[in-house]
Amino acid sequence: MPGAEVRPRQRGSASWTSVLVRRATPFAALAAVFAVQALANAEPVVAFPLYLTVVLLVSLQQDRTESIAVAAVAAIAVLFKPLAMAGQASDVAPALLLAAVLVAVAIAMNELTKHSRATAAAAQSKADGLAESERRLRATLESAEVGLALAGLDGRLLETNQPLALILGRSRDELLRTTLGEVIVENDRAAIDEGLALLRSGDVTRWDADTHVVRPDGSAVPAALFIAKLPNPIAGDASLLVQLADISARSRAGALRDCVAAVRQIIVTSPGLEAAMPQLLSTFCGHLDWNVAQYWAADADRKTMHVRNAWNASGAALDAFLHASRGVAVTPGAGLVGRVWQSGVLAAEEDLESTPDHERVTALRSAALRSVVAFPVIDGGEAVGVIELASDRVRSLRDDEVTMLATAGVEIGQFIRRSETAQALRRSEADHRAIYERSPIGIARISSGGELLEANPALLLMLEHDEQTMRAGAWPDLLRAYDQAAARQHKAPFLAGFTDGSSVQVRAATGSGKWLWLQLTATSIPDSSGRPEHVLVMIEDVTAVRETSDKLAEALEAQRDANVNLEKIDRTKSEFLSIVSHEFRTALTGIQGFSELIRDGGLEPDEVRAYGGYIFNDADRVNRLIGDMLDLDRMESGRMSMRAADVDINDVLMEAISRAAPAAVSVEFKSDLDPRLPIVSGDRDRLVQVVSNLVNNAVKYSPEGGTVTLSSRVEGQFALVSITDTGIGIPQDEIGHVFERFRRVRSGAAQSIPGTGLGLTIVRQIVEMHGGKIWVESAVGHGSSFHFTIPLTAEGARSLQLRHA
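Note that this note's numbering gives residue -7 to position 4 of the sequence shown, counting from 1, and the numbers run on in steps of one.
Next comes the structure, spelled out in C-alpha cells:
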C-alpha cells in the first residue's frame, strides 16, 4: 500500500530533522551571543558567562564530540575580537584564558555527565535486577508444588504461596496474620521454637524436621518442614525461607509398610490365634489410626458370626459398645460384616452419618464412631472371619490401604489354618507323648544310624538301666541280638532300610543280671522325602510267655520223645523178641536135634563127640546172649561194677587176634601197635570184651575175607585203639545208629549176617564207663574203622612225657 511506504519515510525525516535541530541549536545560541557582543561592542569577558552557559548546557546533554565542538566555537568567538582588532598581548591573553576555560569546562562537564549517566544506569540496572528477582521469587513461590513462605526471624509469615495455603487449610490472607508456631501441633511447638532460636542466633543457617501441622478443623497433617535463613541486601536484616511439604502419602505408605511388617512378625512369632489376634487388632489401630478393631469369627455351624476378640484405643469410652458387640450374632449378608462374610470382599462405610439406618450402624453412631471398614479373613478361598475397624472421624480409604488390608486378611487366614494345624499336631504330639511316657510296653526311638535317641520309662524300668547306660551298652547289645535273630529267621537286619513292623525275639540281660526274653517290633518312620528318618521299636517283655511256651514246647518235645521212645521200645521189643526167639529157637533147635540123634543111639563115638560139640556151642551161644542182655541191663541201671587194674592195651589186642585167628581162616590179621603205649587203668575183662566184640564184627562183616588191622597209639591224654576191616561197610544213613540197642544194618549183604544188635551197644557202654569215646568211620564197599579211646593214667602220661623229653 502507498501509505505503508510513506509513513516510514516521514518518521525518518522527522528524526533527522530533530537531530539537526538539536545539533544546530548550540551553534545558533553561540551566534546569537556573538551578535549581541558585536552589537554592544562588549569585551569577551562580558559575554563569557553566556558562552559558558551554552557550553554547560551542551556538555550536559550532548556527547563528548559535540561538547568539545561547541566549546571550540565559543573559544573562537571569545578570541575573535582581540585577534581581529590586532590588540595587544595584554588583551589577547585574557581571551585565551577564557577560551581555555570554555574548552576545559566542556571536557570536564562532559566527563561528569558521562559518569553521572553511568551511575544512574547502574542504579537502574540494579533496581531492575531486584525487581526481576522479586518477580521470579513470586513466580517460584506460586509455581512450587510444596508450600513456600517468607517469614521473619520471629516466625511471622510475610509471603506465602497457594500450595502452603492448601496444606494448612487457610487463605493466604489468614496466613499473613499467623506465625509459624501457630500452625504446628502443640506437641511439636517447643521443637519449632528451639529451631527458630538457633536460626536467629546464627548457630545454624538451616533447620528441618518432620512434624504435623494443624488445620482449622483440628485435623493434623504430617509434613516435612525446612527453614533456611536468608540475608536481606536491601533492608540489611535477615528473613526465613520456609518450605512445608505434605508427606501424608509417604507417612501413610510408611504406616502401611510398618503395619504389614508388624502383622507378619506377629504371625511368625505367635503360638496360636488366641495369642495373635489381640496383637493384630492393636497393630491395625496403632499403625493405621483406627479407634476400634473387632474380630468376628464364624461359629462351628457357619450360620452366624460372633465377636471373638476386640481392641480399642479410646479406653473405657468404648467399653460399653464393645460389650454390646459381643452379644450380637451376624448372619451372612446382614450389615457390613455380614456382606463382607458372604462376598469375601472388603467393604467400607466412609461416613456413617450418610449411611442408611441399621442396627449395627446405630450402635456405631451411638459410640461416636463415624467411619468403618471390614475385610475378610480368607482361608482356602473362603471367608472364615471378618476384621472390623472403626474410627471417630470420616475416613476415605485409598487403594494402597485397601490392598494392604485385603492382603493381611489372606495372610491371617493362612496363619489361622497353620495355627489350627499346629494345634492339632501339638494335641497329637501330646497324646503320643502321653502314650509314650505311660505305655506299659517299652518304646525306643532310634536314628537311621542305629543310635538310641530316646527310651520311654517303661523300657528303662524293664531293663533296669538309665538312658545313658542304655545308649552306651545295653542298646548296642540289643541291636546285635536283633540282627542275629533276624538272620536266623531270614529277615533283614535292623539298619537294612525300611522296616515293615516285623518282630523278633531276643534274650537280654537287665542291669541286675536277670535274663529276659524280649520281643522287638521295629517300624521305620520316613521323613518328608520318603527316606527312613528314624525307627520306632516296641519292646515287650515276653519272658513269662516265652517260658510258658518253652515249657509247653519242652513238654510237647518230651511227649514226642516219649512217644518216639515208646514206639522205639515197642519196635525194639518186637525186634528183641524176634531176634531172641530166632536166636533161642535156632540154638534150641540144634540142641534138640543133636540131642535126639544122640538119644536114638547108633552113632559112632566121633559123631557123638561132634554132636556134643554142636550142642555145647548152641548152649554157649544162648548163654552169651543171656549174658549180653544182663550186662546191658546192669550197665544202663548203673549196677555193673568195674574192677580197675593196670592194663596193657597192646596185650589185649594181641590176645584178641590170637583167639579170633583160628576160626577166621579167610581173614588176614595185621597189627600196628605203638610199643611206647603206656599202661592204662581199667577192667581188663571188659576191655577184652570190647576188643573181641569189635574184632568178631570185623570178621563177621568181611564174608569174602580181607584184612583186619588192629592199631594203637597215644592221642594226647588218651590211648587210641582202632579196628579196621575191608569188609562190606556201613551206609552213611546207618552210621549214626550202629551203637543203638538192637540196631542192625538192614541193607545189602548185612541183612543175611546173624546178630542180636547188642554187641556195639555194650561196647559203647564199657568204653564210656572207662571215660573214653567210641566212633565209627565207614563207607559202603570200603570197610569200616571203629575207634575208641581210653584215658591214660597220670603216671603213664608222665612216663610218656619223660620218654619224649
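Just so it is clear, CB atoms sit at the ideal spot from N, CA and C, and this is done for glycine as well.
Bear in mind that the values here come from a model prediction, so they are computed numbers and not experimental data.
Check: Using alpha carbons as the reference points, say which of Leu46, Val765, Leu676 lies closest to Val636.; Outcome: Leu676
Check: Please name the residue or residues paired with Pro83 in a DSSP beta bridge.; Outcome: Bridge partners of Pro83: none, in fact.
Check: I think Ala687 touches Asp714, with their Cβ atoms under 8 Å apart; what is that distance to the nearest whole Å?; Outcome: 4 Å
Check: Please state whether DSSP places Asn30 in a helix, a strand or coil.; Outcome: coil
Check: For the region 483 to 533, which segments carrying the beta strand (DSSP E) assignment without a break, of at least 3 residues, lie completely within its bounds, in sequence order?; Outcome: 489 to 498, 504 to 515, 521 to 530
Check: Please classify Met459: is it buried, with 16 or more other beta-carbons within 10 angstroms of its beta-carbon, or exposed?; Outcome: buried
Check: Excluding the 5 residues preceding and the 5 following Thr194 in the sequence, name in chain order all residues of the same chain whose CB lies nearer than 6 Å to its CB.; Outcome: Lys218
Check: To the nearest angstrom, how far is the alpha carbon of Gly550 from that of Asp539?; Outcome: Sequence check: residue 550 is Asp here, not Gly. Straight-line Cα distance between these residues: approximately 15 Å.
Check: Give me whichever residues DSSP pairs with Thr713 in a beta bridge.; Outcome: Thr698, Ser774
Check: Which whole-angstrom value describes the C-beta separation of Phe777 and Thr750, a residue pair presumed to lie in contact below a C-beta threshold of 8 Å?; Outcome: About 14 Å separates the two Cβ atoms, so there is no contact after all.
Check: Going by beta-carbon coordinates alone, are Val25 and Val44 separated by less than 7 Å?; Outcome: no
Check: Please identify the residue among Trp506, Lys503, Ala27, Thr167 whose C-alpha is closest to the C-alpha of Leu68.; Outcome: Ala27
Check: May I ask you to report which of helix, strand or coil DSSP gives Asp663?; Outcome: coil
Check: Any heavy atom of the ligand COA within a distance shorter than 6 Å of the CB on Leu325?; Outcome: Questions concerning the ligand COA fall outside what the structure shown contains, since it holds no ligand whatsoever.
Check: Between Ala653, Ala154, Ser237, Ala251, which has its C-alpha nearest Glu693's C-alpha?; Outcome: Ala653
Check: Using a Cβ-Cβ cut-off of 6 Å (strictly less than) and excluding sequence neighbours within five positions of Ile256, which residues of its own chain qualify?; Outcome: Phe404
Check: As a quick exercise: from Leu325, Val281, Ala138, pick the residue whose alpha carbon is nearest that of Met847.; Outcome: Coverage of the chain is limited to positions -10 through 794, which leaves residue 847 absent and any answer about it impossible.
Check: Could you compute how far the alpha carbon of Ala234 sits from the alpha carbon of Ala265?; Outcome: 37 Å
Check: Leaving out five residues on either side along the sequence, give the residues of the same chain with a beta carbon under 8 Å from the beta carbon of Lys659.; Outcome: Thr696, Val697, Thr698, Leu699
Check: Taking Cβ positions, are Ala463 and Leu449 nearer each other than 7 Å?; Outcome: no
Check: Pick from Glu704, Met527, Val680: whose alpha carbon is nearest that of Ile755?; Outcome: Val680
Check: The alpha helix (DSSP H) with Pro446 in it runs from where to where?; Outcome: 446 to 452
Check: Is the beta carbon of Ala645 closer than 7 Å to that of Val684?; Outcome: yes
Check: Does the Cβ of Arg253 have 16 or more other Cβ atoms within 10 Å, making it buried, or fewer, making it exposed?; Outcome: exposed
Check: Which residues in the same chain as Leu9 place their Cβ atom closer than 7 Å to its Cβ, once the five residues preceding and following it in sequence are excluded?; Outcome: none
Check: What residue range does the alpha helix (DSSP H) around Asn685 cover?; Outcome: 673 to 689
Check: With DSSP collapsed to three states, give me the class of Asp472.; Outcome: helix
Check: Who are Leu378's beta bridge partners in DSSP?; Outcome: Ala282, Val362
Check: Using only the alpha-carbon positions, how far apart do Tyr603 and Glu766 sit?; Outcome: 36 Å
Check: So within the region 409 to 466, which uninterrupted beta strand (DSSP E) runs reach at least 3 residues, ignoring any that extend past its ends?; Outcome: 431 to 436, 441 to 444
Check: Do Arg535 and Trp506 have their CB atoms nearer than 7 Å?; Outcome: yes
Check: When you compare only the Cα positions, how much space is there between Ala82 and Asp117?; Outcome: 52 Å
Check: Please report how far the alpha carbon of Arg53 lies from the alpha carbon of Thr108, in whole angstroms.; Outcome: 17 Å
Check: Taking Ser208 as the reference, which of Gly158, Arg106, Glu183, Arg189 has the closest Cα?; Outcome: Gly158
Check: What span of residues does the beta strand (DSSP E) with Ser228 cover, start to end?; Outcome: 227 to 235
Check: DSSP on Gly322, reduced to helix/strand/coil?; Outcome: coil
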